Amino acid sequence: MAGPRVRIAIRDLSKTFAQGSREVAAVDRVSFDVCDKEFVAVVGPSGCGKSTILNMIGALVAPSGGQILVDGQPVAGRPAPQVGYVFQKDTVFPWRTVERNIALGLEYRGIPPAERERRVREAITLAGLQGFEDAFPATLSGGMRQRVALMRSLIVDPEILLMDEPFGALDTHTKLTLHAELLGLWEAKHQTVVFVTHDLSEAITLADRVVVLTRRPGKVKLIYEVRLRRPRDVITLRETGEYLREYGEIWHALGEEFAERTA
Amino acid sequence: MTRDHWEVLCWRLAILVAVLGAWEYLTGIKAISKTPGLYWIDPFFISRPSAIARRFLYLASAEVRLTIWAMALSTVQSTVWGFLVGISTGFVAGLVLGRNDRLARIFEPYIIAFNSLPRIALVPLITMIFGFGLLAKIVLAWTIVFFIVFFNTFQGARSVDADLIHSARFLGASEGQIMRTVVIPSALAWTFASLTPSISFALIGVVVGEFIGGESGGGLGYLIIQSLGTLNAADMMVALLVLGVIGIVMALGIKQVESRLLRWRPEYQKR
Numbered sequence: 002m003a004g005p006r007v008r009i010a011i012r013d014l015s016k017t018f019a020q021g022s023r024e025v026a027a028v029d030r031v032s033f034d035v036c037d038k039e040f041v042a043v044v045g046p047s048g049c050g051k052s053t054i055l056n057m058i059g060a061l062v063a064p065s066g067g068q069i070l071v072d073g074q075p076v077a078g079r080p081a082p083q084v085g086y087v088f089q090k091d092t093v094f095p096w097r098t099v100e101r102n103i104a105l106g107l108e109y110r111g112i113p114p115a116e117r118e119r120r121v122r123e124a125i126t127l128a129g130l131q132g133f134e135d136a137f138p139a140t141l142s143g144g145m146r147q148r149v150a151l152m153r154s155l156i157v158d159p160e161i162l163l164m165d166e167p168f169g170a171l172d173t174h175t176k177l178t179l180h181a182e183l184l185g186l187w188e189a190k191h192q193t194v195v196f197v198t199h200d201l202s203e204a205i206t207l208a209d210r211v212v213v214l215t216r217r218p219g220k221v222k223l224i225y226e227v228r229l230r231r232p233r234d235v236i237t238l239r240e241t242g243e244y245l246r247e248y249g250e251i252w253h254a255l256g257e258e259f260a261e262r263t264a
Numbered sequence: 127m128t129r130d131h132w133e134v135l136c137w138r139l140a141i142l143v144a145v146l147g148a149w150e151y152l153t154g155i156k157a158i159s160k161t162p163g164l165y166w167i168d169p170f171f172i173s174r175p176s177a178i179a180r181r182f183l184y185l186a187s188a189e190v191r192l193t194i195w196a197m198a199l200s201t202v203q204s205t206v207w208g209f210l211v212g213i214s215t216g217f218v219a220g221l222v223l224g225r226n227d228r229l230a231r232i233f234e235p236y237i238i239a240f241n242s243l244p245r246i247a248l249v250p251l252i253t254m255i256f257g258f259g260l261l262a263k264i265v266l267a268w269t270i271v272f273f274i275v276f277f278n279t280f281q282g283a284r285s286v287d288a289d290l291i292h293s294a295r296f297l298g299a300s301e302g303q304i305m306r307t308v309v310i311p312s313a314l315a316w317t318f319a320s321l322t323p324s325i326s327f328a329l330i331g332v333v334v335g336e337f338i339g340g341e342s343g344g345g346l347g348y349l350i351i352q353s354l355g356t357l358n359a360a361d362m363m364v365a366l367l368v369l370g371v372i373g374i375v376m377a378l379g380i381k382q383v384e385s386r387l388l389r390w391r392p393e394y395q396k397r
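Here the protein sequences line up with chains A and B, keeping their order.
Offset between the first sequence (1-based) and this note's numbering: plus 1.
Offset between the second sequence (1-based) and this note's numbering: plus 126.
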């Protein structure tokens with residue numbers, strides 16, 4: 002059987018950090034694959050190393066052991082050109098207007114101004130940021146800034162998108178709105194996505210598969226197939242029986258990991 | 127303008143009038159009414175507003191060889207040049223060392239040593255090398271401004287948010303593009319914070335340079351030192367007054383430039 006193409010292969014990935022003279026294991030022999038056009042969420046209690054895994058895929062952190070292949074190439078030094086990254090932290094450049102932030106990737110790639118302008122206008126419309134083209138980030142809400150960050154990553158058409166709790170700092174309502182927008186954008190292009198979060202409902206709402214990690218050091222506890230139909234409506238989805246069943250099943254597994262921390 | 131603005135303005139004016147009035151009045155009271163030249167508060171040392179105004183008009187007139195305008199121009203010129211040369215060199219050096227740990231470590235002791243040297247102590251040496259003219263004053267202002275701007279830019283270049291650099295890299299930026307679009311704009315905010323102190327220190331450097339620069343250097347510092355020679359408090363006050371005005375105008379000018387270039391910052395977002 003010719004299965005779907007594997008875009009990201011993670012094999013026995015480990016990471017230890019030096020804490021004073023001690024070595025602390027953050028990630029412990031993690032293995033999973035991400036296939037083409039697949040939306041994978043990685044969840045786990047805080048400190049389980051999920052962001053570290055993402056950073057290793059993005060070549061921001063070097064693994065202590067194991068291997069990551071992106072499209073068959075081992076990750077080393079620089080991020081692969083087909084990879085985009087959306088950070089949890091606000092990484093919109095405060096000294097650039099909305100328009101010029103979104104244009105960054107095109108500017109770096111030397112796209113001529115006329116085309117740049119056209120694509121930026123398109124992205125601004127897509128993100129509902131009309132009227133804020135010339136606004137500086139300081140005047141925008143957190144939700145809008147994250148929208149700008151998302152469009153800035155998407156405008157260069159990355160085939161693989163790494164997202165590190167991009168909506169973690171937003172209130173519930175804004176978060177849901179952005180989930181709907183993200184899913185809409187994803188339905189159009191079907192990028193391969195790795196989405197890190199500690200919010201289980203977010204993971205189920207968005208992903209095809211959920212990788213559940215244990216507490217530190219993070220190991221893969223289970224990989225869960227989300228069987229919810231697409232396209233999904235983020236608001237009504239939560240009231241469906243299927244959603245609650247999926248949630249219950251993963252929660253059961255994750256519960257033990259969270260329980261010991263929050264106790 | 128709001129009512130509050132007017133009130134503040136009125137108070138400022140009232141204080142000015144009160145001080146000038148008291149100054150003029152008190153320096154006019156003789157200690158012993160019949161004896162000339164004996165005062166409770168002697169105008170010989172601090173002059174009087176009316177005398178200062180007369181001297182100002184005289185120094186501003188065509189009757190003198192070196193007018194107050196020519197001296198002010200000379201001072202402003204040297205200050206602006208020293209300032210410009212100082213910020214550009216300080217900025218570049220701060221950027222280069224701020225982004226290069228190895229270079230920073232190599233130069234660190236020299237920079238600290240030179241910076242802790244009281245710059246005033248260099249005045250005679252600088253005068254010896256560069257003569258009594260404009261150049262010596264510019265060099266003096268430069269040695270002060272350079273370090274202020276350098277240290278700020280250095281800090282700024284070091285504290286660039288790593289995630290901003292990472293996100294630029296993910297968007298396909300080359301190292302040069304990262305420098306241009308992330309490091310420089312981010313460090314500039316720090317550099318600007320150093321400009322207001324820089325211009326005041328440039329002015330200090332220039333005036334001290336003029337103290338020993340003599341007539342060929344001209345400038346308001348020369349007027350002050352010359353007035354000391356002739357024990358002329360009024361002329362000194364005229365020089366101080368003009369220096370004060372120059373200082374205010376320059377500081378305001380910098381604020382203007384700053385608020386334009388840093389208009390993305392939250393504190394300048396009131397539009």
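We put the CB at the ideal spot given by N, CA and C, even for glycine.
Quantities reported herein were computed from a predicted structural model and do not represent experimental measurements.
When A:G219, A:L223, A:V211 and A:R216 are compared, the shortest CA-CA separation from A:L229 is found for A:V211. Along the stretch 101 to 118 of chain A, going in chain order, the ones with a CB nearer than 8 Å to a CB of chain B are L105, G106, E108, Y109 and R110. Put simply, the CB of A:P46 is far from chain B, with every gap to its CB atoms at 7 Å or more.
Taking a Cβ-Cβ threshold of 8 Å, none of the residues of chain B is close to A:W252; the smallest such distance is about 31 Å. Per DSSP, A:T193 is one residue of the beta strand (DSSP E) stretching across T193 to T198.
With a contact defined as Cβ atoms closer than 8 Å, B:G373 and A:P82 miss out at about 53 Å.
Taken through DSSP and simplified to helix, strand or coil, B:E393 comes out as helix.
Against chain A, the CB of B:F296 has a partner CB under 7 Å away; the residue lies at that interface. A:G132 is outside the set of residues whose beta carbon lies under 7 Å from a beta carbon in chain B. If you draw a 10 Å sphere on the C-beta of B:T253, you find 16 or more other C-beta atoms in it, and that means buried.
With contact defined as three or more Cβ pairs closer than 8 Å, the stretch 15 to 26 of chain A and the stretch 81 to 101 of chain A are not in contact. Neighbours of B:Q281 in chain A, taken as residues at a C-beta separation under 7 Å, are lacking, since the least C-beta distance is about 17 Å. By the Cβ-count criterion, B:G335 is buried, with 16 or more other Cβ atoms from all chains shown falling within 10 Å of its own Cβ. Interface residue (Cβ-Cβ distance to chain A less than 7 Å): B:A299 is classified as such.
Annotation: Cβ neighbours of A:T92 in chain B (cutoff 7 Å, chain order): D289, L290 and S293. Contact check between the stretch 232 to 248 of chain B and the stretch 284 to 301 of chain B: fewer than three CB pairs, one atom from each, fall below 8 Å, which does not count as touching. When Cβ-Cβ separations below 7 Å define contact, B:W390 makes contact with chain A.
The beta carbon of A:I224 sits closer than 8 Å to the beta carbons of F33, R210, V211, V212 and V213 from its chain, once the five residues preceding and following it are set aside; these are given in chain order. When C-beta atoms of the stretch 90 to 98 of chain A are compared with those of the stretch 119 to 129 of chain A, fewer than three pairs fall below 8 Å, so the two segments do not count as touching. Interface residue (Cβ-Cβ distance to chain B less than 7 Å): A:A139 is classified as such. Taking C-alpha positions only, A:P64 is separated from A:I58 by approximately 9 Å.
Beta bridge pairing from DSSP links B:L369 with no other residue. Taking all protein chains shown into account, A:A189 has fewer than 16 neighbouring C-beta atoms within 10 Å of its C-beta and is therefore exposed.
As the crow flies, the alpha-carbon of B:W195 is around 20 Å from that of B:G208. The secondary-structure analysis by DSSP pairs A:I161 across a beta bridge with A:V84 and A:T193. Taking 7 Å as the cut-off, the Cβ atoms of A:G50 and A:G219 count as close.
According to DSSP, A:I224 shares a beta bridge with A:V212. With a 10 Å radius around the Cβ and a threshold of 16 neighbouring Cβ atoms, A:D29 comes out buried.
Contact note: B:P311 reaches chain A through F94, P95, W96 and R97, using a C-beta cutoff of 9 Å and chain order. At a cut-off of 7 Å between C-beta atoms, A:F88 counts as an interface residue with respect to chain B. Of the candidates B:A177, B:W166 and B:V275, B:V275 places its Cα closest to the Cα of B:V218. In this structure the stretch 168 to 188 of chain A touches the stretch 131 to 144 of chain A; the number of beta carbon pairs closer than 8 Å is three or more.
The criterion of a C-beta distance shorter than 7 Å is not satisfied by B:F258 and B:V265.
When only Cα atoms are considered, A:G129 and A:V197 end up about 25 Å apart.
Residue contact with chain B for A:L183: absent (no Cβ-Cβ distance below 7 Å to any residue of chain B).
For the stretch 48 to 70 of chain A, the beta-carbon criterion of a distance under 8 Å to any beta-carbon of chain B is satisfied by G59 and L61.
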